[in-house]
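Notes to accompany the following structure.
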Amino acid sequence: MNNLSQIWSKRFNHYLNEVQKYMRFVFTGHLAIVLVFVIGAVGYQYSEWLNVVDSSFPAEWVVGGIVGVVLVFSRPTTLLKEPDQVYLLPLETKMGYYFKKALQWSFFSQVGLASVVYIVSIPLLNEVTELTTTKIWLGLLLVITLKLLNLHSEFNFRYALRGKWVLLDRLIRIVFSILAIQTLLTDNNLLAIIYLILLFFYNLIWRKSANDQPIPYEHFVKLEQNRMMGFYRFANYFTDVPHITGGIHRRSWLSFLYLLVPYTKNNTQGYLVFRTFIRTDEHFYLWLRLTAISGIVAAFVNIPVVTLIVTAALSFATTIQLKYALLSSKEFRMDMLFPIGENLRVKAVHKLIRTVVFLQAIVVLICLIGQPLFYVPPIVVFIISELTYHLTKNPAKNIY
Amino acid sequence: MAVLELSNVTGGYTRKPVIKDLNFTIGQGELVGLIGLNGAGKSTTIKHIIGTLIPQQGEIKINGISLKQDIDTYRSSFSYIPETPVLYDELTLKEHLELTAMAYGIDEKTMKERASRLLSEFRMEKRLNWFPSHFSKGMRQKVMIMCAFLVNPHLYIIDEPFVGLDPLGIQSLLDQMDEKKKEGASILMSTHILSTAEKHCDRIILLHDGRVRAQGTMKDLRNAFNMPNATLDDLYIAMTKEQDNE
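If you read the sequences in order, they're chains A and B.
Everything in the first sequence is counted per this note's numbering, starting at 1 for the first residue and increasing by one.
Everything in the second sequence is counted per this note's numbering, starting at 401 for the first residue and increasing by one.
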């Protein structure tokens, strides 16, 4: 028992450190400022709207629906790791303590969001319904209880069915959760309690069924990996995250671009680089994001100077980020042994960047058509990219 | 003339050398086994030969040419199968073969002929359009082997080839090696599977603590250790014991 408590607290501390390390970058960035403004603006709109909201507004259903959706996503945070499938195997029967700790943490880390959503809706309930204050706060208690039941049900369901049929489970729980909240808010206490009890028994059934099963390590580890990877991907927008291993997708609808690099010895690196760019999510979505923003700015911002500056800056960002992503690599790759000139990779990356920035310029051009001097920003996009490529250093130089 | 020649090669990852004063050659059509304990310096030796590490002292030549003299000729003279398969996650099996062929200047027609033979030999025809993430360890190993044999070079450098391969895969690899040997290619192979090494290698190099402890045919080694009828396993154990007693 002592052992498992140590394992949990070690894991937990490591996890908190990891999250803190990256959240620092997230919140010191421009996001914090944006968030403050967004929350302020939304809050203001909300309070303005409350002044004019009609008393026939179905607040019970809307609050029930929104809180229900938040409640239903109750993935347990187990902090299990891949080696656990081997090393914790002898402790199978004692793992109950570990999971208890895990579920406690999952509850405290998730209950806040559901509560905040409910609390924000209180002014609306006050405005539209005739509920007493006690009743409204009783609603908060219900939300917290529902969170606990949702979390445990999801954990037991995943445990018992080893990650299958998760959608069905969500559907059942969302119905119970919405109905429980809605009935309480329409002053139908008895029905609310019945729904709560139904959910309680639902959880009990899956708990019983889970008890007969070995721990589904594979599913829980996968769940943890996905969760952490999601977090790292998010953090990667603000800082460099070393753990990130991006996805690969074929994207065969772009295969026609490979025609630009026909089968010859001099195209060896081009053959590789074009495929790497199109199929690696990280590179491809980087370009897609920056191109989409360029297009949107070009289409909707009607101040030519701003359009020019923003599209030029994004062309710079596209070029430099792709150049670094495709040229710097510390790991051994087979093409490092190929009997081809050292600068073929640099040339291939240049060709690729020229191609994709050209496409970016075309997008900007299309979005600008009809505006005066519409041809200037696309030309600038192209020139800035070329200048960036030639005037920045080659990141591969330090490695070999 | 020797296909591969190491003279007085000393080197390692840091200033402290891992391999010390290595001297050996491999002649045309020879299969030579590089044998040693974990950490004896087998992989380090191979990394020096393929040119990812540069010797601190001494010289390595393939067909009489060093990496410094003519990097492209040097590199096109050998192909390398690493111990752990190194594949591109974003390329299919077919594209791995195409990329390799392009890099070594093999025309498309020859590439297709050689590839189709290798694919059927290693039973991978049906996986041409798969990405490596769907491959098992053995299949990944087979991709590396096929890429190496597609090139048809003078020298093959194979690091620990039998780990992870199924028995049919091992047999196919041995057949391929045999065929290439007959055509005059040379092979340097490091391995721990001593019985296979004993059976197939023309000569053995025993590496211990970064130095060549003994080298030659099985007969030479038995004489050197004064152990007639000994297997390579026996000799290997004798060598490590001898070293411990020193």
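C-beta atoms are modelled at their ideal positions from N, C-alpha and C, and glycine is treated no differently.
For the region 527-585 of chain B, list the beta strand (DSSP E) runs that are entirely contained and at least 3 residues long, ordered along the chain. The beta strand (DSSP E) runs of length 3 or more contained entirely in the region 527-585 of chain B are, from start to end of the chain, 555-559.
Just how far apart, CA to CA, sit Thr-596 of chain B and Leu-337 of chain A? Computed Cα separation, rounded: 28 Å.
Can you give the beta carbon distance from Ile-172 of chain A to Tyr-195 of chain A, rounded, assuming they're within the 8 Å contact cut? At roughly 12 Å, the Cβ-Cβ gap does not stay under 8 Å, so Ile-172 of chain A and Tyr-195 of chain A are not in contact.
The beta strand (DSSP E) with Arg-345 of chain A in it runs from where to where? Note, Arg-345 of chain A: premise wrong, no beta strand (DSSP E); alpha helix (DSSP H) at 344-368.
Continuous alpha helix (DSSP H) assignments of at least 4 residues falling wholly in the region 125-199 of chain A: You should have 133-161, 166-185.
CB contact flag (Pro-216 of chain A, Arg-162 of chain A, <7 Å): In this structure, Arg-162 of chain A lies closer than 7 Å to Pro-216 of chain A by Cβ.
Give me the subset of the region 518-538 of chain B whose CB atoms are less than 8 Å from a CB atom of chain A, sorted by chain position. Answer set for the region 518-538 of chain B: Phe-531, Ser-533.
Would you say Ala-503 of chain B reaches chain A, if we count a Cβ-Cβ gap shorter than 7 Å as a contact? Cβ-Cβ to chain A under 7 Å: yes for Ala-503 of chain B.
Going by the DSSP bridge assignment, what does Tyr-480 of chain B pair with across the sheet? According to DSSP, which records beta bridges pairwise, Tyr-480 of chain B is partnered with B:Ile-557.
Residues in the same chain with beta-carbon distance under 8 Å from Leu-594 of chain B, minus the five sequence neighbours each way, listed in chain order, please. Close CB contacts of Leu-594 of chain B within its chain, under the 8 Å cut and outside five residues either way in sequence, are with Ile-435, Thr-631, Leu-632, Asp-633, Tyr-636 (chain order).
Residues in the same chain with beta-carbon distance under 8 Å from Glu-489 of chain B, minus the five sequence neighbours each way, listed in chain order, please. In the sequence under discussion, the amino acid at residue 489 of chain B is Asp, which differs from the Glu named in the question. Cβ neighbours of Asp-489 of chain B beyond the five flanking positions: Phe-531, Pro-532, Ser-533.
Could you spell out the range, first to last residue, of the beta strand (DSSP E) harbouring Ser-407 of chain B? From DSSP, the beta strand (DSSP E) with Ser-407 of chain B extends over 404-411.
Cβ-Cβ distance between Pro-339 of chain A and Arg-475 of chain B below 7 Å: Yes, these two residues count as a Cβ contact at 7 Å.
Straight-line Cα distance separating Met-627 of chain B from Lys-416 of chain B: Near 35 Å, if we compare the C-alpha coordinates of Met-627 of chain B and Lys-416 of chain B.
Could you check what DSSP says for Leu-453 of chain B in three-state terms: helix, strand or coil? Looking at Leu-453 of chain B - three-state DSSP - the assignment turns out to be coil, as it is neither helix nor strand.
Note down, in chain order, all residues in the region 325-346 of chain A with a beta-carbon under 9 Å from any beta-carbon belonging to chain B. Flagged, chain order: Glu-331, Phe-332, Arg-333, Met-334, Asp-335, Met-336, Leu-337, Phe-338, Pro-339, Ile-340, Gly-341, Glu-342.
Taking only beta-carbon positions, decide if Arg-279 of chain A is within less than 7 Å of chain B. Taking Cβ atoms only, chain B reaches closer than 7 Å to Arg-279 of chain A, which makes this a yes.
Contact check, Ile-460 of chain B vs Leu-499 of chain B under 8 Å by CB: the rounded distance? With a Cβ gap of about 26 Å, Ile-460 of chain B and Leu-499 of chain B do not count as contacting.
Please decide whether Arg-475 of chain B counts as near chain A, where near means a Cβ-Cβ distance under 7 Å. Yes, Arg-475 of chain B counts as interfacial toward chain A.
Report the neighbours of Lys-393 of chain A on chain B: residues whose CB is nearer than 8 Å to its CB, in chain order. Within chain B, no residue comes near Lys-393 of chain A; the closest Cβ sits about 23 Å away, beyond 8 Å.
Give me the subset of the region 479-494 of chain B whose CB atoms are less than 9 Å from a CB atom of chain A, sorted by chain position. For the region 479-494 of chain B, the set of residues with a beta-carbon nearer than 9 Å to any beta-carbon of chain A comprises Ser-479, Tyr-480, Pro-482, Val-486, Leu-487, Tyr-488, Asp-489, Glu-490, Leu-491, Thr-492, in chain order.
Return the Cβ separation of Ser-177 of chain A and Asn-150 of chain A in integer angstroms, given the expectation that the two are a contact with Cβ distance under 8 Å. Contact flag correct, Cβ pair sits at about 7 Å.
Quick check on Met-401 of chain B: buried or exposed, where buried means 16 or more other Cβ atoms within 10 Å of its Cβ? Answer is exposed; the Cβ neighbour count stays below 16.
Listed by chain order, chain A residues near Thr-445 of chain B by CB distance under 7 Å: What Thr-445 of chain B touches in chain A: nothing, since even the nearest Cβ is about 16 Å away.
Closer than 8 Å by C-beta to Leu-327 of chain A: which residues in its own chain qualify, once you throw out the five before and the five after it? Chain order, please. Cβ within range, chain order: Arg-345, Val-346, Val-349, Asn-394, Pro-395, Ala-396.
When the Cα of Ile-122 of chain A is compared with those of A:Val-111, A:Gly-139, A:Val-175, A:Leu-113, which residue comes out closest? Proximity to Ile-122 of chain A across A:Val-111, A:Gly-139, A:Val-175, A:Leu-113 peaks at A:Gly-139, based on C-alpha coordinates.
Rounded straight-line distance, which links the Cα of Phe-238 of chain A to that of Phe-231 of chain A: Answer to the nearest angstrom: the Cα atoms are 12 Å apart.
Is the beta carbon of Cys-601 of chain B closer than 7 Å to that of Gly-433 of chain B? Yes, Cβ-Cβ distance for Gly-433 of chain B and Cys-601 of chain B is below 7 Å.
Could you list which residues in chain B have their beta carbon closer than 8 Å to that of Leu-272 of chain A, in chain order? Among the residues of chain B, those whose CB is under 8 Å from the CB of Leu-272 of chain A are Tyr-488, Leu-491, Leu-499, following chain order.
Nearest to Leu-422 of chain B by alpha carbon, out of B:Ile-446, B:Gly-429, B:Asn-463, B:Tyr-413? When each option's Cα is compared against that of Leu-422 of chain B, the closest is B:Ile-446.
Measure the Cβ-Cβ separation of Lys-101 of chain A and Trp-8 of chain A and say whether it is below 7 Å. Yes, they are a contact pair.
When you compare the CB positions of Gly-247 of chain A and Asp-212 of chain A, do they come within less than 7 Å of one another, or not? Going by C-beta atoms, Gly-247 of chain A is not nearer than 7 Å to Asp-212 of chain A.
Anything in chain A within Cβ reach of Asp-472 of chain B, meaning under 7 Å, just list it in chain order. Within chain A, the C-beta atoms nearer than 7 Å to that of Asp-472 of chain B come from Pro-339, in chain order.
Are the CB atoms of Ala-361 of chain A and Pro-372 of chain A within a distance shorter than 7 Å? Cβ distance not < 7 Å, so Pro-372 of chain A and Ala-361 of chain A don't count as in contact.
Bridge partners for Arg-603 of chain B per DSSP, in chain order? In DSSP, Arg-603 of chain B forms a bridge with B:Val-432.
Simplified DSSP assignment, three categories, for His-592 of chain B: Note: His-592 of chain B maps to coil in three-state DSSP.
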